[in-house]
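One structure is given here, and the rest of the page talks about it.
Number of protein chains: 2
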Amino acid sequence: MALFSITSRDPNSRARTGVLHLRGCEIETPAFMPVGTRGTVKAMLPEEVAEIGYKLILGNTFHLHLRPGSELIERLGGLHKFMNWPHAILTDSGGFQVYSLADMRKISEEGAEFSSPYDGAKVRIRPEDSITIQHRLGSDIVMAFDECLDFDAPAEAVRASVEMTLRWLERCKRAHEPRKDTSHLFGIVQGHFNPELRDYSARHTAEIDLPGYAIGGLSVGEPEPLMMSMLEAAIGPLPEEKPRYAMGIGLPLNLIDMVARGVDMFDCVVPTRNARNGRVFTFEGVRSMKQAQYAEDDAPLEDGCPCEACRKYSRAYLRHLYTCNEILSSRLLTGHNLTFFWRLMERIRDAVRTSSLPQLRAEIAAVYAKEG
Amino acid sequence: MALFSITSRDPNSRARTGVLHLRGCEIETPAFMPVGTRGTVKAMLPEEVAEIGYKLILGNTFHLHLRPGSELIERLGGLHKFMNWPHAILTDSGGFQVYSLADMRKISEEGAEFSSPYDGAKVRIRPEDSITIQHRLGSDIVMAFDECLDFDAPAEAVRASVEMTLRWLERCKRAHEPRKDTSHLFGIVQGHFNPELRDYSARHTAEIDLPGYAIGGLSVGEPEPLMMSMLEAAIGPLPEEKPRYAMGIGLPLNLIDMVARGVDMFDCVVPTRNARNGRVFTFEGVRSMKQAQYAEDDAPLEDGCPCEACRKYSRAYLRHLYTCNEILSSRLLTGHNLTFFWRLMERIRDAVRTSSLPQLRAEIAAVYAKEG
């Protein structure tokens with residue numbers, strides 16, 4: 001079965017709905033993927049993540065390779081078995097994490113070398129290594145190894161980097177060849193904040209026949225209009241029939257705006273990390289559980305939300321748990337935020353089908369304008 | 373219905389099995405109570421605690437009174453509703469926590485005064501206040517306010533303290549009078565490490581007619597034989613037909629040894645706190661999830677254990693979660709340890725019924741001698 005099929009198109013935008021067929025799951029798109037960095041969506045049991053509706057999560061190649069080790073996970077039967085997640089897994093390539101290491105990394109044509117943030121050991125990840133690691137993990141969607149650049153990278157460096165990422169993609173494709181029937185390699189469009197280079201990267205990435213394409217290097221601190229224009233430049237040349245994945249994107253308005261521009265897949269730590277910091281997403285805006293106004297508030301976090309926190313607990317209790325730094329706070333608020341993101345994506349899919357994205361956007365913008 | 377009925381007696385020891393009838397629950401004794409200090413058994417949903425089998429947990433008067441406040445909890449419908457625990461709750465009186473404050477407290481005949489460890493505010497808890505606070509929380513079993521003493525307290529101070537705790541008990545009983553039909557006040561035997569004073573305290577406490585009696589001030593660092601002889605001195609004068617509760621007791625061998633001496637109820641942070649520190653109780657002894665030997669161990673924590681961790685995850689995965697400080701580690705290991713304590717108490721109850729406590733003790737001692 002083909003990985004991706006488009007089920008509807010919004011006549012007023014580039015938005016579409018579709019289905020990803022992965023590991024026996026049908027994943028409706030536009031889809032949001034919770035992040036399970038170290039083989040766990042933080043604070044949640046895998047069953048709880050699946051029960052919300054999610055059947056595709058993201059795992060971090062970089063972290064899992066360093067700890068507990070990708071060979072170890074392979075010997076124990078792969079990441080799905082290791083973390084008791086029978087549904088689909090997309091793994092990133094480690095490119096973005098290598099970039100995050102800043103001074104601790106060295107990038108060359110060959111690949112990346114860096115000191116492990118866990119124990120200082122020297123680690124080398126070439127494009128082929130990244131693919132091999134993702135094969136060991138048993139990923140259903142494998143991401144190509146790419147180079148991300150600092151915000152202030154000079155133009156010549158950007159062009160050279162885009163070219164290198166394209167050469168790396170060819171190497172990734174060759175390395176992935178033996179597994180191409182059981183997992184799907186996605187290429188990644190880079191090009192920094194230069195529209196010509198975004199277009200160039202996208203066109204040449206699209207020339208390499210792959211089951212899907214991602215846009216990387218966005219949401220790294222740039223202003224939002226710049227992010228959206230880079231996305232547009234990058235998405236233009238990508239083939240209509242393949243899924244498009246905006247990496248690391250996650251604020252509610254950004255999701256809507258990128259769906260309108262033709263994005264099908266997203267991942268972000270926003271719902272999970274914010275939950276652990278007591279920040280809760282609702283259709284009335286963000287609530288901070290620190291606030292004294294909830295101290296004696298007997299209402300649920302959000303009326304009509306089907307999550308555990310909203311069905312059984314008051315804001316007062318959730319605030320108490322959060323202010324006492326109780327583990328149950330992270331559990332309940334993560335469950336809520338992931339439920340909110342699921343419901344938001346459902347509303348986005350409905351809005352695409354009914355050509356009503358602008359109305360949904362207006363509603364969300366009214367409460368999320370400041371949050372992006 | 374009477375609070376407590378004895379269902380079997382071991383002819384070879386003082387052990388007995390029984391049932392506590394509380395809030396529509398039948399709680400088999402000897403029973404272990406998980407500790408829910410701040411209105412949550414740390415890392416667990418209340419449903420998960422109940423599903424293991426527990427229908428009686430402990431809440432901390434001291435902590436809940438200071439944060440979020442007992443009046444607030446009362447206005448929100450009481451502790452059961454606040455924390456979504458429909459089953460029975462025993463609250464301690466705060467006496468032990470006041471003792472733990474060391475230099476920050478001042479004890480007089482009137483009661484205790486101390487600075488809140490949360491915000492430094494001056495707080496006064498007299499015996500009547502402790503009972504009022506526990507009424508606000510809606511506790512099913514209310515503990516009398518008692519004085520605990522430092523390990524090196526001089527003999528005269530101990531006698532004076534025992535006398536004062538007895539006078540406080542009379543004040544607690546009067547304060548509890550209006551609620552005596554809906555909740556049960558337990559007195560607490562003190563007497564430090566002096567067998568005559570333990571006996572004295574127990575006799576005079578037992579003279580005050582109450583639905584149950586506790587032994588306090590044990591397991592504060594004293595050698596185990598001393599602890600057991602103090603328990604024996606304290607339990608001797610207590611009425612046969614009333615439940616006896618050894619406060620703060622929790623290591624596997626101690627539970628067995630105290631059951632053999634006639635104890636019916638226990639509470640301890642041992643299973644929950646150890647779980648968060650990666651220490652796991654099994655019938656083969658304690659395992660530390662830090663140990664490298666589990667790094668690639670595909671076996672469950674403990675064969676035959678019905679907990680979530682043992683049914684679905686390998687030691688290798690659990691070690692990985694623990695070493696990465698993941699919240700899911702605390703969840704899964706707490707679930708396991710509480711399941712172990714439930715199974716241990718089941719085995720203890722069976723052993724009492726079949727007069728085989730010595731055999732069970734020998735089995736547990738073989739692996740838990742060093743753990744107490």
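Each protein sequence line maps, in turn, to chains A and B. Residue numbers for the first sequence, in the working numbering: 1 to 372. Residue numbers for the second sequence, in the working numbering: 373 to 744. Just so it is clear, CB atoms sit at the ideal spot from N, CA and C, and this is done for glycine as well. A quick note: this is a predicted structure, and the numbers were derived from the prediction, not measured.
Take residue i as the anchor and find which of the options has the nearest alpha-carbon.
i: Gly408(B); options: Leu394(B), Glu423(B), Leu428(B) and Val495(B); result: Leu428(B)
i: Ala737(B); options: Leu627(B), Phe712(B) and Cys640(B); result: Leu627(B)
i: Gln359(A); options: Pro300(A), Asp257(A) and Met265(A); result: Asp257(A)
i: Glu378(A); options: Asn325(A), Arg347(A) and Cys307(A); result: Any property of residue 378(A) remains undetermined from this structure, which presents chain A solely from 1 to 372.
i: Leu557(B); options: Glu443(B), Glu482(B) and Thr504(B); result: Thr504(B)
i: Pro127(A); options: Glu110(A), Ser115(A) and Val98(A); result: Glu110(A)
i: Pro595(B); options: Phe523(B), Lys478(B) and Asp675(B); result: Phe523(B)
i: Asp129(A); options: Arg174(A), Leu101(A) and Gly120(A); result: Arg174(A)
i: Gly236(A); options: Pro252(A), Asn274(A), Leu253(A) and Leu197(A); result: Leu197(A)
i: His320(A); options: Phe404(B), Arg439(B), Gly425(B) and Ala415(B); result: Arg439(B)
i: Tyr426(B); options: Leu716(B), Val739(B) and Ile479(B); result: Leu716(B)
i: Ser555(B); options: Lys414(B), Glu423(B) and Leu582(B); result: Leu582(B)
i: Ser465(B); options: Ala527(B), Leu417(B) and Gly620(B); result: Gly620(B)
i: Pro489(B); options: Cys324(A), Asp199(A) and Met227(A); result: Cys324(A)
i: Leu417(B); options: Arg703(B), Gly559(B), Phe434(B) and Val561(B); result: Arg703(B)
Under the DSSP definition of a beta bridge, which residues are partnered with residue i?
i: Cys405(B); result: Position check: residue 405(B) holds Met in this sequence, whereas Cys was assumed. Note: Met405(B) sits in a beta bridge opposite Asp639(B).
i: Arg558(B); result: Inspection of the sequence shows that residue 558(B) is occupied by Phe rather than by Arg. Beta-bridge pairing links Phe558(B) to Met515(B) and Gly584(B).
i: Cys397(B); result: Leu394(B)
i: Thr654(B); result: Gly657(B)
i: Leu729(B); result: Answer by DSSP bridge pairing: none, since Leu729(B) is not bridged.
i: Ser330(A); result: Answer is none; Ser330(A) lacks a bridge partner.
i: Gly373(A); result: Here chain A comprises residues numbered 1 to 372, so residue 373(A) is not present and cannot be evaluated.
i: Phe4(A); result: Leu20(A)
i: Gly59(A); result: Gly36(A) and Thr91(A)
i: Phe486(B); result: Arg477(B) and Val495(B)
i: Ala618(B); result: Ile587(B) and Phe638(B)
i: Arg273(A); result: Answer is none; Arg273(A) lacks a bridge partner.
i: Arg381(B); result: Arg388(B)
Whose C-beta lies closer than 6 Å to the C-beta of residue i among residues of the same chain, with five residues either side of it excluded?
i: Tyr694(B); result: Gly650, Met661 and Ser701
i: Leu101(A); result: Phe114
For residue i, which residues from the same chain have a beta carbon less than 8 Å from its beta carbon, with the 5 sequence-adjacent residues on both sides left out?
i: Arg721(B); result: Thr389, Glu400, Thr401 and Pro402
i: Asp19(A); result: Per the sequence shown, residue 19(A) should be read as Val rather than Asp. Correct list, in chain order: Phe4, Ser5, Thr7, Glu26, Ile27, Glu28 and Thr29.
i: Arg616(B); result: Gly584, Tyr585, Ala586, Ile587, Ile607, Leu610, Gly634, Val635, Asp636 and Met637
i: Pro672(B); result: Ala681, Cys682, Arg683, Tyr685, Ser686 and Arg687
i: Met405(B); result: Tyr426, Leu428, Ile429, Leu430, Leu462, Met637, Phe638 and Asp639
i: Ala525(B); result: Ser533 and His564
i: Leu521(B); result: Tyr471, Ala529, Val530, Ser533, Gln562, His564 and Gly589
Have a look at residue i and residue j and give me their C-alpha separation to the nearest angstrom.
i: Ala112(A); j: Thr91(A); result: 18 Å
i: Ala664(B); j: Gln134(A); result: 24 Å
i: Pro86(A); j: Asp140(A); result: 11 Å
i: Gly467(B); j: Ser601(B); result: 23 Å
i: Ser219(A); j: Phe193(A); result: 11 Å
i: Leu538(B); j: Ala516(B); result: 10 Å
i: Leu338(A); j: Pro271(A); result: 6 Å
i: Arg124(A); j: Asp103(A); result: 15 Å
i: Leu610(B); j: Leu333(A); result: 47 Å
i: Phe713(B); j: His393(B); result: 21 Å
i: Arg23(A); j: Ala88(A); result: 6 Å
i: Ile208(A); j: Arg14(A); result: 23 Å
i: Leu448(B); j: Asn432(B); result: 17 Å
i: Gln97(A); j: Phe281(A); result: 26 Å
i: Glu326(A); j: His336(A); result: 16 Å
i: Glu656(B); j: Ala618(B); result: 25 Å
i: Asp491(B); j: Leu690(B); result: 37 Å
For residue i, which residues from the same chain have a beta carbon less than 7 Å from its beta carbon, with the 5 sequence-adjacent residues on both sides left out?
i: Ile73(A); result: Leu64, Leu79, Phe82, Arg136 and Leu137
i: Asp10(A); result: Arg16, Val352, Ser355 and Leu357
i: Ala688(B); result: Tyr666, Ala667, Glu668, Asp669 and Asp670
i: Thr412(B); result: Met455
i: Ile479(B); result: Glu519
i: Ser70(A); result: Leu64, Ile133, Arg136 and Leu137
Within 8 Å of chain A by C-beta, residues of the stretch 408–428 of chain B in sequence order: Result list: Arg410, Gly411, Thr412, Lys414, Ala415, Met416 and Leu417.
Members of the stretch 656–673 of chain B near chain A, C-beta cut-off 8 Å: Only Ala667, Glu668 and Asp670 from the stretch 656–673 of chain B bring a Cβ to less than 8 Å from some Cβ of chain A.
Members of the stretch 317–335 of chain A that neighbour chain B once the beta carbon cut-off is set at 9 Å: Those residues of the stretch 317–335 of chain A that come within reach of chain B (Cβ to Cβ, closer than 9 Å) are Tyr317, Arg319, His320, Leu321, Thr323, Cys324, Glu326, Ile327, Leu328, Ser329, Ser330, Arg331, Leu332 and Thr334.
Chain-ordered residues of the stretch 444–466 of chain B with a beta carbon less than 7 Å from chain A: Those would be Leu444, Arg447, Leu448, Phe454, Met455 and Asn456, in chain order.
Proximal residues, the stretch 163–181 of chain A versus chain B, C-beta separation under 7 Å: Along the stretch 163–181 of chain A, none of the residues has a CB nearer than 7 Å to a CB of chain B.
Chain A contacts made by the stretch 495–513 of chain B, where a contact means CB separation under 9 Å: Answer set for the stretch 495–513 of chain B: empty.
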